[in-house]
Every structure is written in structure tokens, then in C-alpha cells.
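First up is the structure itself, then whatever we jot down about it.
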Amino acid sequence: ENAPLQAMIFDSVFNPFRGIIAYFRIRNGVLRKGDKVRFFNTGRDYNADEIGILKMDLSPKNSVGTGDVGYIISGIKQAKEVKVGDTITLTENPCDTAIKGFEDVKPMVFAGIYPVDTEDYEELRYSMEKLQLNDSSLVFEPESSAALGFGFRCGFLGMLHMEIIQERLEREFNMTVITTVPNVSYKAYMKKDPDKLLIVNNPSELPDPSGMDRIEEPYIKAQVITKSEYVGAIMTLCIEKRGELKNQVYLTQDRVEITFEMPLAEIVFDFYDRLKSVSRGYASFDYHPIGYKESDLVKMDLLLNSEQVDALSALVHRSNAFDLGKKICIKLRELIPRQQFEIPIQAAIGAKVIARETIKALRKDVTAKCYGGDISRKRKLLEKQKEGKKRMRQVGRVEVPQEAFLAVLKLND
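Heads up: the sequence shown is residues 92 to 504, going by our numbering.
This is how it looks when you write it as C-alpha cells:
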């Protein structure tokens, strides 16, 4: 108990009146009410306004000793200041090292989360901060989109983590949100300074391709265990997803373990659903990261009525760009309602359009009142209508429905 204070935070909750209440277990030393404490990894100092023992309820005490599980209230309002796994020590007599085990986790999957109603932005921020209190692996920062308004760019550990956050936002906070296409973190190297590394978490952050030396993407080692009758279909799927077969082992007469190396970006799209589909549910999937590899990646933009929709931009492999662009254009043509003017939907890489679909305009039969007579009268009416549609297209804006953003994730449905 005479040693410098070492206490590890294992959870925290938010109280609207008293701020964040951090739960901890003391490894060494004693914490007394009124002590000035320091959170080791954030480096911030606070006053121990109230401390106590954590039993069935909060039990205030004047001091908490070695081995005790307690709580501390210091009037902290910012969730990011309290991290699960951090070490609490005294400002005047700090410990030399933090309790081992704490490290900032690096998110692997990134996606934009936006409120359906833009007025709910502040409520979404409040909800995300509360979620971050007991899920330190959730990372988010504000971002804005021309199509979706204000929202957050969020980092997740994986696809399951992303789905859990979405589910918690809906169930615990009654927040209905739109999630953009998930992507991974890329590394870009520039020609002017080949040693300088640029981390790209959002397709819109990708620098001009003409000044880029190379781009690398994260790869994983994936292991699939399945029944022997589904091996062919699973191999076809993995190769389609740019996978490279590394090993194939028969565990029993009818159970096979297949090992692939493949890009993480191909997993976050629709891999799980398609794997379960081709194996009739008889496949287990596990993976771990193995580093970054250079890839021929391009930024594919989606244009509606010649205006870029930033929320639908994606970094894709050059060999897959045409097929993916065509599928997205067809899907958007089905989902976007017809307007009074023609809407071109285009997938483009830079200035080059690689796929296009057109939503035909709703039009009135302006020649209905003409009964016979000279064709020039009908032609004049049709030309007048054509001019009107042209003007309408120049000033008209296309509203993208929410389903369109979700549809990009389910192109094979």
C-alpha cells in the first residue's frame, strides 16, 4: 500500500449530472478523496471529487486500497478522456509504468454514419460519445457530405463491430442512421517524396493519381472450413475476390480447411453473405491481418445528372471497376424515381466514364391536341418541350433515396 498508486480502468458510464463515472481496480497504492490524479495514457490531471467501493451500488468512501474495486467521479464530460485499460496514478507521486495491457486499437474498417434527419446530428454525436464510453475501439470524427449532410466518419474493428454499433444506435438510442459503403485504410506514396506515407481512410482523401507513386492495401490470411462438396464454389468465390490459394487440408474425409491470402477490402463488401450462400451455411470463416501489399487501385466516382455523389465514391481494383460500376448504375436506375427531365447515371474513373445508365424523363403527350394536319405543327410542339426539358435539367437537382446507399452493399440480391 506504500507503493505509488496504480489502478486500471475497466469500464465507465455517463451520468448527465455528475459526468463520467470511471470504474477501476487498484493494483498498488491507496487512493484518497480529494487526491489529484493523473490518467497515465492521456496525461490529463483531475481531482478525485468522490471515490468509493463498487458493490451492488456505489458506496462512497474516504479512501480505497490495494485490491479494491472502486469508482471515481471527477466531473469529466468528454468521453474520449476516459479510456478502458488506462492507468490511474497520483500527480504528486506517479508510478513509473502503466499497467500492461492498454493500447490504442487501430480500426480496420471505415464507414460514414449519417442521421436520416439532419436535425438529429447533435443527438447522434451524443449517442456516439456514450457508446464510446464502454467501447474504446470505436473511433469517429465529424464529416460532411453534399448528398447526406453532416455525419461522422467512423472506424471499426471489423464488419461485425460495425453492425453491433448500428444495432446499438437503433435499440439503445432510437437513432435511425444511414451507413455508407464501408472501406479499409490504404497507404499512398507520392512521386515527389516516395518515403512520405499518406493514410487514406476515405476515398475522397485520395490524392491526384498523376502525382502518386503507388498505393497499398491491407491483406489478410483467411481460413475457411467447409464440407468437401462446397470446395469448388468457395474457391471460385475467393478467386473472384482476388484471393490467392495458399493451402488446402482435408481434416476428415468430408471436411476441408482452405487457406487464402486476399485483400481486406473484398471481405468488407458482401463476402460473408455470399460465402454462406454458396456453402448453404456449412462454412466457418476466420482471418487475421498479414500486412500491406501494392495494388492497382483506382477511385471510382458516381455522377447523377453530371454531379458527383461523394457518399457513393469507392476505391476499387482496376480489373473490377467496370463490372462494379455497371452494377451500381443499374441498381440506382431501379431505385431513383423518375423526374420531369432525363437523368444520366455515370460511373467514372477520373474524366473517363466507364458505365452509364439513363432514367427516362416523365413526359406529357403535347401532340394529343393535334388532329391530322401539317407535321410541322407537331414538330414545333415537340421541339418546344425538348427545350423546356433541357432548361429543367440544368437547374434540376436529383434527390438520392436512402435505399440507394444501402443497395450498393447488396448488389448480388
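Built from N, CA and C at the ideal position, the CB exists for glycine as well.
| Query | Result |
| --- | --- |
| Provide the residue span of the beta strand (DSSP E) that contains Lys384, from first to last. | 374-385 |
| Grab the span of the alpha helix (DSSP H) containing Met219 for me, first residue to last. | 212-224 |
| Candidates Gly242, Glu214, Leu260: which alpha carbon is nearest Asp226's? | Leu260 |
| Is it true that the stretch 213-226 meets the stretch 99-113, where meeting means three or more beta-carbon pairs spaced less than 8 Å apart? | yes |
| How many Å lie between Gly249 and Arg470 at the Cα? | 59 Å |
| Could you please give the first and the last residue of the uninterrupted beta strand (DSSP E) stretch that includes Ala446? | 443-450 |
| Do you know whose CA, among Leu388, Val340, Val200, Phe108, lies nearest Arg305's CA? | Leu388 |
| Between which two residues does the alpha helix (DSSP H) holding Ile419 run? | 409-426 |
| Going by DSSP, what residue range makes up the alpha helix (DSSP H) through Gln257? | 250-264 |
| Round the Cβ separation of Glu433 and Ile450 to the nearest angstrom and send it over; I've been treating them as touching at under 8 Å. | 7 Å |
| Just reading off the beta strand (DSSP E) that Leu328 is part of, what are its end residues? | First-last for Leu328: 322-331, but that is the alpha helix (DSSP H), not the beta strand (DSSP E). |
| For Pro435, report the span of its beta strand (DSSP E) as first-last. | 434-440 |
| State whether the stretch 371-388 contacts the stretch 318-332, with contact taken as three or more CB pairs (one from each stretch) at a distance under 8 Å. | yes |
| Output the distance between the C-alpha atoms of Pro380 and Asn153, rounded to the nearest integer angstrom. | 47 Å |
| From Phe362, Val315, Val359, pick the residue whose C-alpha is nearest to that of Leu342; which is it? | Val315 |
| Could you tell me which residues DSSP pairs with Ile100 in its beta bridges? | Phe115 |
| Which same chain residues end up closer than 6 Å to Gly110 when comparing Cβ atoms and leaving out the 5 residues on each side of it in sequence? | Gly166, Ile167, Lys168 |
| When you compare the stretch 388-400 with the stretch 435-452, are there three or more beta-carbon pairs, one atom per stretch, that lie closer than 8 Å? | yes |
| Using DSSP with H/G/I as helix, E/B as strand and the rest coil, what is Pro273? | coil |
| Evaluate contact between the stretch 198-216 and the stretch 239-249, counting only Cβ atoms and requiring at least three cross-stretch pairs below 8 Å. | yes |
| Going by DSSP, which residues form a beta bridge with Cys245? | Ala202, Phe231 |
| DSSP puts Met281 in a beta bridge; with which residues? | Met303 |
| Judging by CA-CA distance, which residue of Gly302, Val275, Phe264 is the nearest neighbour of Ile215? | According to the sequence displayed, residue 215 carries Leu and not Ile. It is Phe264. |
| For a quick check, are the C-beta atoms of Lys78 and Asn119 less than 9 Å apart? | The requested residue 78 is not part of the displayed model; the chain covers only 92 to 504. |
| State the beta-bridge partners of Ser467 as determined by DSSP. | BP columns for Ser467 are empty, so no partner. |
| Report yes if the CB atom of Leu149 is closer than 9 Å to the CB atom of Tyr162, and no otherwise. | yes |
| Between the C-alpha atoms of Met303 and Val407, what's the straight-line distance to the nearest angstrom? | 16 Å |
| Between which two residues does the beta strand (DSSP E) containing Phe131 stretch? | Premise fails: Phe131 is in no beta strand (DSSP E) and is neither H nor E. |
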